[in-house]
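Numbering (my numbering), first residue to last: 1 to 303. Ideal Cβ positions, reconstructed from N, Cα and C, are used throughout, including at glycine. Down below is the structure, laid out as structure tokens.
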Ligand SMILES: NC(=O)c1ccc[n+]([C@@H]2O[C@H](COP(=O)([O-])OP(=O)(O)OC[C@H]3O[C@@H](n4cnc5c(N)ncnc54)[C@H](OP(=O)(O)O)[C@@H]3O)[C@@H](O)[C@H]2O)c1
């Protein structure tokens, strides 16, 4: 049995090497979606502030940035290039394909071979790269999460682009265990990016399974995304520890499993600093049990 390849003890949660790759990142990364304008569409109100967030992240040692060329569209990648190009050695930029943003700002599937190929070239151009480190195929799924359905055609297109040298490694996003297995029959899958946090624990079993196989699990919406996490238990724990609720939510994810890599999103340097500092928060077994109750109560309310 393989175990997740991590080392602990650094200020950003320890390092993780994506299985089958030479890419090693700090477990505490950064998600760039919040750098585009309102609704993840158009430019941000303050482009200099967006550049400052990225430079602060890199200066603190963050070397894992999650993005997509459909954030903006193009805007977020262009800001990353402006802020950080030429990129520091060891920076891993992970992008995703499978969606496009028409002029009405909606999120539409972009899954044909032509869409995916053009998406790779858009990312390369806007990021200023010759090859993309990791590309996630992001399945559209249903409103609340992934939905079954074959992703073989799309993953095969990405595997072809990998053979051509435009993509180094492939991941999958918003997917079910069945879809992950389907992708793994086509190509090596180095990470899975799904919706998961203190209150949404649908992927608990999946995370443990991926950890046994050394595959990274990268939760999106680690702070609740468009609906920020709110819980009296979370606030009480945070008060007790002299931390903020968001810091406790991130620290809980780092404690949850060694194959979890964090990409919290923010448009603010102050929030970025707060989020990065959460890697230094230690949660006792008693506190972890207390926090586990949040999902249990959320599930009880839903049923
Ligand atoms: N694969 C996918 O389908 C998918 C979907 C969604 C997102 N993603 C990726 O996952 C990353 C993380 O998700 P996300 O950014 O949507 O959601 P998130 O990280 O759960 O939360 C971001 C929200 O929390 C706020 N926030 C951040 N730090 C805070 C703090 N310390 N205190 C208070 N508020 C704070 C942000 O506002 P401020 O800007 O004001 O800080 C923003 O509104 C994205 O950036 C993106 O790269 C992937």
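- At least one heavy atom of ligand 1 is found less than 7 Å from the C-beta of residue 267.
- For residue 142, the pairing in a beta bridge is given by DSSP as 145.
- Taking each of 41, 56, 35 in turn and checking the Cα distance to residue 47, the smallest one comes out for 35.
- With respect to the 8 Å criterion, residue 219 and residue 186 are not classified as neighbours on the basis of their beta carbons.
- Note that the C-beta distance between residue 247 and residue 281 is below 8 Å.
- A straight-line Cα-Cα distance of about 10 Å links residue 258 and residue 210.
- Ranking 267, 285, 83, 149 by CA distance to the CA of residue 251 puts 285 first.
- With 16 or more other Cβ atoms from the protein chains shown falling within 10 Å of its own Cβ, residue 183 counts as buried.
- DSSP places residue 17 within a strand segment (E or B) once states are collapsed to three.
- In this structure residue 291 is not in contact with residue 27, their Cβ atoms being roughly 18 Å apart against a cut-off of 8 Å.
- Residue 121 sits in a helix when the DSSP states are folded into three classes.
- Note that the segment 119-138 touches the segment 167-179; at least 3 beta-carbon pairs, one per stretch, sit closer than 8 Å.
- Between residue 69 and residue 126, the C-beta gap is smaller than 8 Å, which places the two residues in contact.
- Under the DSSP assignment, residue 208 falls in the alpha helix (DSSP H) whose first and last residues are 204-212.
- Look at the beta carbons and you see the segment 90-97 touching the segment 108-122: at least three pairs across the two are nearer than 8 Å.
- Residue 32 places its beta carbon 8 Å or farther from that of residue 55.
- For the pair residue 194 and residue 123, the CB atoms are not nearer than the 8 Å cut-off.
- Comparing alpha carbon positions, the residue from 43, 199, 266, 65 closest to residue 24 is 65.
- For ligand 1, no non-hydrogen atom lies closer than 7 Å to the CB of residue 164.
- In this structure residue 227 is exposed. Its beta-carbon is surrounded by fewer than 16 other beta-carbon atoms within 10 angstroms.
- Counting only residues of its own chain and dropping the five nearest sequence neighbours on each side, residue 169 has a CB closer than 6 Å to the CB of 21, 134, 190.
- By the Cβ neighbour-count rule, residue 154 is buried, with 16 or more other Cβ atoms within 10 Å of its own.
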